[in-house]
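A.B. asks: 1160 is the number of the first residue of the first sequence in my numbering; add one for each residue after it. The C-beta atom is built at its ideal place from N, Cα and C for all residues, glycine as well.
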Amino acid sequence: MSQRGPFTRSFFARDALEVAPELLNALLERGGCLARIVEVEAYRGGDDPASHAYRGKTARNATMFGEPGHLYVYFTYGMHFCANVVCGPKGEASAVLLRALSPVKGMQTMRRRRHGMERDRDLCSGPAKLCEAFGITRSLDGADLLYGKEGIVLRRDGVAPPGKPNIGLRVGLSERSGAARTFPWRFAVPGDPNVSRAMRIPT
DNA sequence: CTTTGGATCGTCT
DNA sequence: GACGATCCAAAGG
């Protein structure tokens, strides 16, 4: 695995379940804002009832069916955006949802976007919060995360993923997701204060 | 610290 | 017409 620098397309062209824990401790950068990925969830395509792709391709989820390594941004609850990294070979529609980041640089900008939240741990400690902090909206849906040509990039700086990530259940799934609600497809960096409380407990 | 309910609209049924 | 891969302020321990 690459210790430093950009990711490769083939890194993402795998099962989201493999990619998700390996994305921990990677860096997301946009403009002057820089943060480390500390909590993620894996979503798969056709066989995952919790996935937006489960019921097939639509205008909203089209990006999930495209090339891996791109950003899938969706709008929810009438007011929030959430960001995913597309995984799997083209056409497979799996993805990794970014649930929490640990801010590294550009906190003043994040604070301004986040309505003046004082504490660093309130800036990116949730899937919609991190999108707000980074100014991610639907206009960034489909952006390639490998080289930063659309102004947003994912890379590694030498900090490896945790050898033993904390593992838990995915959040916010309704009963419609059935047995998928019991799949331990959520991963977090142990001990990071930006991670959801329940996920800070070792598994 | 935890719990509860309101906000708000694009998307798919 | 119903429902979110959510967040936050307010209220109670």
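How is residue 1195 classed by DSSP in three states: helix, strand or coil?
C.D. replies: Three-state result, residue 1195: strand.
A.B. asks: Is it buried or exposed for residue 1222, if we count other Cβ within 10 angstroms and need 16 for buried?
C.D. replies: By the 10 Å Cβ count, residue 1222 comes out buried.
A.B. asks: Going by other Cβ atoms of all chains shown within 10 Å of its Cβ, with 16 needed for buried, is residue 1322 buried or exposed?
C.D. replies: With fewer than 16 Cβ atoms within 10 Å of its Cβ, residue 1322 is classed as exposed.
A.B. asks: Keeping to the same chain, check which residues put their C-beta closer than 7 Å to that of residue 1235; ignore five residues upstream and five downstream.
C.D. replies: Contacts found: 1241.
A.B. asks: Hey, would you say residue 1245 sits closer than 7 Å to residue 1354, going by beta carbons?
C.D. replies: Taking 7 Å as the Cβ cut-off, residue 1245 and residue 1354 do not qualify as a contacting pair.
A.B. asks: Just confirm the distance between the C-beta atoms of residue 1187 and residue 1260, as a whole number of angstroms; I'd bet it's less than 8 Å.
C.D. replies: Contact flag correct, Cβ pair sits at about 6 Å.
A.B. asks: Let's test the definition: count the other Cβ atoms within 10 Å of the Cβ of residue 1276 and tell me whether it reaches 16, buried, or not, exposed.
C.D. replies: By the neighbour-count rule (16 or more Cβ atoms within 10 Å), residue 1276 is buried.
A.B. asks: Considering Cα atoms alone, identify which of 1325, 1308, 1279 and 1304 is closest to residue 1315.
C.D. replies: When only C-alpha atoms are compared, the closest one is 1304.
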